[in-house]
Each structure stands twice: as C-alpha cells, then as structure tokens.
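Numbering (my numbering), first residue to last: 28 to 107.
All C-beta atoms in this analysis are idealised placements derived from N, C-alpha and C, irrespective of residue type, glycine included.
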C-alpha cells in the first residue's frame, strides 16, 4: 500500500478549487511525478459525497486511459 512517505514532495506546480499539484520524487525509484492533493475538510455536508464521487470517477477514468496528452495515473491513496 502506498503512503505519503513514499514521495519527497517539492515545489508547487499549480492550485485549483479543491487542491494542489506538487512536483515529487518517488523515494525508491527516483522517478519524478506530479502529486495531486485534495483536502476533504474543504467541503461540508452533502457536497462531500458529491466530491468523493467525482474524485472516484476521475481516478477510475485515469486508470483506464493511456494517451500521450493525458497525465498517467500511477497510484492513489487516502489519508485521514
């Protein structure tokens, strides 16, 4: 199981409505990746379930897509 400790997180690459993307390096392989972080606490009530559904859908789609113009999803994990 992947955890945040697998990555050395570096500079901020971008910020969106619900999260941010940082450059990171996988500690075991040395590969550079983009790590997207989302804050669950930023949403409340019924919006939280809608948000969770959208994130689950995004992950599902990215796991299936293999295209040169779309960022590849290697892994995902959830923390408290």
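Take residue 51, set aside five residues on each side of it, and the residues of its chain with a beta-carbon closer than 8 Å to its own are 34, 35, 36, 37, 59, 60, 61 and 62, in chain order. Under the three-state reduction of DSSP output, residue 51 falls in the strand class. Take residue 86, set aside five residues on each side of it, and the residues of its chain with a beta-carbon closer than 8 Å to its own are 100 and 103, in chain order.
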